[in-house]
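Trainee: Attaching a single structure in structure tokens format; questions to follow.
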Amino acid sequence: LTLAVLCWVVGKAIAYPPWDLSWSDPHAWSSWNEDPQSRAISIQHPVMVQCQEAQLVVMVHRDLFGTGRLVNAADLTLGPAACRHSSLNPAQNTVIFTTGLHECGSVVQITPDSLIYRTLLSYDPSPASNPVIVRSNPVVIPIECHYPRRENVSSNAIRPTWAPFSSALSAEERLVFSLRLMNEDWSSERPFTGFQLGDILNIQAEVSTESHVPLRLFVDSCVAALSPGTDSSPHYAIIDFNGCLVDGRSDDTSSAFITPRPREDTLRFQIDVFRFAGDARNLIYITCHLKVTPADQAPDPLNKACSFNKARNIWTPVEGSRDICSCCETGNCESPALSRRLNPLERWPSRRFRRHDADGKEAEADVVIGPVLLSSALGAAGEQQEGGQGGVTALSVGTGLICAVAIGMGLAIGLGRRRCSRASA
């Protein structure tokens, strides 16, 4: 009985994972010698954002990870432009960034109801004094500010920008182009975080107008990069040659346009998640060139949406005849008489809408979506958890064997003593 109780106690002790350092008690930080108010800010809200009328204020507690170890303020930057902090608060150990909504490389997304400004807070730790070791990992935190388009957010109202397509006004005053990252069933938008390699990005391109002129939307080109725009390096072409989804031509991808369209002014496509090799930021921006034509205009080699069908080994269009996609294989879809572009990196000289020709049959815009963040820690955490469970199993099996041997020896000794007592009797 004593051996059985001992084995039960040892088994319970072994079953508890000694590496589980998670704290459920919020007062577990009471040994941290810092001002209680500052400590509460650190634990509950290490990053706080204030979206003002024309600027963004981000306050970061230097105890960014809630461990009591303060990060270096110089290792914190805001946006793809890596803007430095504007002030420090030594009393509360906070770092403050104050920047305009359009500054530091922020990206604006226009939806029918909102203006969404997106940027990111980056923590890139300085190398340790000994370059052989690393004490902390880089971190990227997405930040968003949402502003309603149809209500007053200040003393000056944001006025609607749409107008009839057939009017003589500039395209900037009429059409609103947008890219949206959608969930699996395309019913709503999804966050830009939590993606892993092997996942699928559902991207929906739209043009919004309240005119009665039917329009058909095309995605002319899309380029992925580590910052907004297409002039940075490295970059990767997802859609090229006036609507050819070239990423789907690779053997290891399933990227394609979705057929049929939900509406003429909407185009959906899927791409396999990827990251740039050798870069630790695990994020991508996607800059797309969108354009519209009258819905009654037949698709042609300059206005098309083509995907590569691996089963049939051919390029197929979302609509139109199959021959409009034949140039996707050669990479020469542009006619010198019709094209104004010189090379892929000169397709987006600005983010303003442009006419294709003088009679206004096309309007175009450059739209950025991102940053799309990949979760690099999930895989490591999964591996650690899986290894931990394996360790518990091995220890439990070992403990069980020891207990079984001990119980067997105890029974043998007991039987031996009983036989000896009978013999002596």
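Here the sequence shown stands for residues -15 to -1, 1 to 410, numbered as in mature numbering (1 follows the signal peptide of the UniProt record, and there is no 0).
Glycine is no exception: its CB is placed at the ideal position from the N, C-alpha and C atoms.
How would you call residue 215, buried or exposed, if buried means at least 16 neighbouring beta carbons within 10 angstroms?
Mentor: The count along the sequence shown starts at 1 and reaches residue 215 at position 230. Residue 215 comes out buried.
Trainee: I'd like to confirm the pairing. Which residues does DSSP put opposite residue 226 in its beta bridges?
Mentor: By one-based count along the sequence shown, residue 226 stands at place 241. BP columns for residue 226 are empty, so no partner.
Trainee: Could you work out which residue in 102, 351, 65, 355 is closest to residue 422 when comparing CA atoms only?
Mentor: Outside the displayed range of the chain (-15 to 410) lies residue 422, so it cannot be described from this structure.
Trainee: Which residues mark the beginning and the end of the alpha helix (DSSP H) in which residue 130 is found?
Mentor: As a first step, residue 130 must be located in the sequence shown, where it is residue number 145. That residue, residue 130, is in no alpha helix (DSSP H); its beta strand (DSSP E) goes 124 to 133.
Trainee: Rounding to the nearest angstrom, what Cα-Cα distance links residue 224 and residue 51 in this structure?
Mentor: Working through the sequence shown from its first residue, we reach residue 224 at position 239. Working through the sequence shown from its first residue, we reach residue 51 at position 66. Cα-Cα distance, rounded: 42 Å.
Trainee: Would the beta-carbon of residue 226 fall within 8 Å of that of residue 318?
Mentor: Here residue 226 is taken as the residue at index 241 of the sequence shown, counted from 1. Here residue 318 is taken as the residue at index 333 of the sequence shown, counted from 1. Yes, the pair counts as a contact, with Cβ atoms nearer than the cut-off.
Trainee: Are there three or more Cβ pairs, one per stretch, closer than 8 Å when the region 93 to 109 is compared with the region 70 to 81?
Mentor: Cβ pair count under 8 Å is below three, so no.
Trainee: So, helix, strand or coil for residue 231, using DSSP?
Mentor: Taking the sequence shown and counting its residues from 1, the one referred to as residue 231 is at position 246. Helix at residue 231.
Trainee: Mind checking which residues open and close the alpha helix (DSSP H) that includes residue 191?
Mentor: The sequence position of residue 191 within the sequence shown is 206, counting from 1. Note, residue 191: premise wrong, no alpha helix (DSSP H); beta strand (DSSP E) at 185 to 193.
Trainee: Between the region 292 to 310 and the region 233 to 247, do at least 3 Cβ pairs fall closer than 8 Å?
Mentor: At 8 Å Cβ cutoff, the stretches touch.
Trainee: Are at least three pairs of beta-carbons, each pair with one atom in the region 36 to 49 and one in the region 177 to 196, less than 8 Å apart?
Mentor: Not touching, per the Cβ criterion.
Trainee: Within the region 211 to 290, note down every full beta strand (DSSP E) run reaching 3 residues or more, in order along the chain.
Mentor: Those beta strand (DSSP E) runs which fall completely within the region 211 to 290 and span 3+ residues are 220 to 224, 251 to 257, 268 to 279.
Trainee: Just the Cα atoms here: how many angstroms apart are residue 37 and residue 132?
Mentor: Numbered from its first residue, the sequence shown carries residue 37 at position 52. Numbered from its first residue, the sequence shown carries residue 132 at position 147. Rounded to whole angstroms, residue 37 to residue 132 spans 10 Å at the Cα level.
Trainee: With a threshold of 7 Å (Cβ to nearest heavy atom), would residue 258 be considered close to the ligand SAH?
Mentor: Here there are no bound small molecules, and the ligand SAH is not part of this structure.
Trainee: Considering only the alpha carbon of each residue, which of 234, 81, 255 lies closest to residue 170?
Mentor: As a first step, residue 170 is located in the sequence shown; it is residue number 185 there, counting from the start. Ranking 234, 81, 255 by Cα distance to residue 170 puts 255 first.
Trainee: Taking residue 271 as the reference, which of 124, 291, 260 has the closest Cα?
Mentor: The residue given as residue 271 occupies position 286 in the sequence shown. The option with the nearest alpha carbon to residue 271 is 260.
Trainee: Residue 80: which of 99, 285, 59 sits nearest, CA to CA?
Mentor: By one-based count along the sequence shown, residue 80 stands at place 95. The candidate whose alpha carbon is nearest that of residue 80 is 59.
Trainee: Ignoring anything shorter than 3 residues, give me the beta strand (DSSP E) runs that lie fully in the region 26 to 63, in order along the chain.
Mentor: Those beta strand (DSSP E) runs which fall completely within the region 26 to 63 and span 3+ residues are 32 to 36, 40 to 46, 61 to 63.
Trainee: Nearest-angstrom Cα distance between residue 310 and residue 47?
Mentor: As a working note, residue 310 is residue 325 in the sequence shown. As a working note, residue 47 is residue 62 in the sequence shown. Cα to Cα, the separation comes out at about 54 Å.
Trainee: How about residue 228 and residue 290: do their beta carbons lie closer than 8 Å?
Mentor: The residue labelled residue 228 in the question sits at position 243 within the sequence shown. The residue labelled residue 290 in the question sits at position 305 within the sequence shown. For residue 228 and residue 290, yes; Cβs fall inside 8 Å.
Trainee: Leaving out five residues on either side along the sequence, give the residues of the same chain with a beta carbon under 8 Å from the beta carbon of residue 307.
Mentor: Translated into positions along the sequence shown, residue 307 becomes position 322. So the list reads 299, 300, 301, once near-sequence residues are dropped.
Trainee: Taking a contact to mean a Cβ-Cβ separation below 8 Å, would you say residue 292 touches residue 241 in this structure?
Mentor: The count along the sequence shown starts at 1 and reaches residue 292 at position 307. The count along the sequence shown starts at 1 and reaches residue 241 at position 256. For residue 292 and residue 241, yes; Cβs fall inside 8 Å.
Trainee: Could you tell me which residues DSSP puts in a beta bridge with residue 68?
Mentor: As a first step, residue 68 is located in the sequence shown; it is residue number 83 there, counting from the start. DSSP, once it has assigned bridges, lists 63 as partnering residue 68.
Trainee: To the nearest angstrom, how far is the alpha carbon of residue 32 from that of residue 352?
Mentor: If you number the sequence shown from 1, residue 32 lands on position 47. If you number the sequence shown from 1, residue 352 lands on position 367. Approximately 28 Å between the Cα atoms of the pair.
Trainee: Residue range of the alpha helix (DSSP H) that residue 314 falls in?
Mentor: Residue 314 sits at position 329 when you count from the first residue of the sequence shown. Residue 314 -> alpha helix (DSSP H) spans 312 to 315.
Trainee: Assuming residue 83 is part of the beta strand (DSSP E), what are its boundary residues?
Mentor: For the purposes of this step, residue 83 is identified with residue 98 of the sequence shown, where counting begins at 1. Note, residue 83: beta strand (DSSP E), 79 to 85.
Trainee: Run through DSSP, which three-state label would residue 98 get?
Mentor: Mapped onto the sequence shown, residue 98 falls at position 113. Looking at residue 98 - three-state DSSP - the assignment turns out to be coil, as it is neither helix nor strand.
Trainee: Tell me the DSSP secondary structure of residue 120 in three-state form.
Mentor: Start at 1 with the first residue of the sequence shown, and residue 120 comes out as number 135. In this structure, residue 120 counts as coil in the three-state DSSP scheme.
Trainee: Can you tell me where the beta strand (DSSP E) with residue 300 in it begins and where it stops?
Mentor: Here residue 300 refers to the residue found at position 315 of the sequence shown. That run of the beta strand (DSSP E) goes 299 to 302.
Trainee: With H, G and I counted as helix, E and B as strand and the rest as coil, what does DSSP make of residue 307?
Mentor: On the sequence shown, residue 307 is found 322 positions in, with the first residue counted as 1. Helix.
Trainee: Leaving out five residues before and five after residue 103 in sequence, what residues of the same chain have Cβ atoms less than 6 Å from its Cβ?
Mentor: Counting from 1 along the sequence shown, the entry for residue 103 is found at position 118. 92, 129, listed in sequence order.
Trainee: Let's see if you can read the secondary structure: which residues bound the beta strand (DSSP E) around residue 356?
Mentor: Along the sequence shown, read from residue 1 onward, the residue named residue 356 stands at position 371. Run containing residue 356: 348 to 358, per the beta strand (DSSP E) assignment.
Trainee: Grab the span of the beta strand (DSSP E) containing residue 164 for me, first residue to last.
Mentor: Taking the sequence shown and counting its residues from 1, one reaches residue 164 at position 179. Per DSSP, residue 164 belongs to the beta strand (DSSP E) from 161 to 167.
Trainee: Taking a contact to mean a Cβ-Cβ separation below 8 Å, would you say residue 257 touches residue 238 in this structure?
Mentor: Start at 1 with the first residue of the sequence shown, and residue 257 comes out as number 272. Start at 1 with the first residue of the sequence shown, and residue 238 comes out as number 253. The answer is yes: Cβ separation under 8 Å.
Trainee: Looking only at its own chain, which residues have a Cβ that is under 6 Å from the Cβ of residue 208, when we skip the five neighbours before and after it?
Mentor: Within the sequence shown, numbered from 1, the residue matching residue 208 stands at position 223. Around residue 208: 215, 220, 222, 272.
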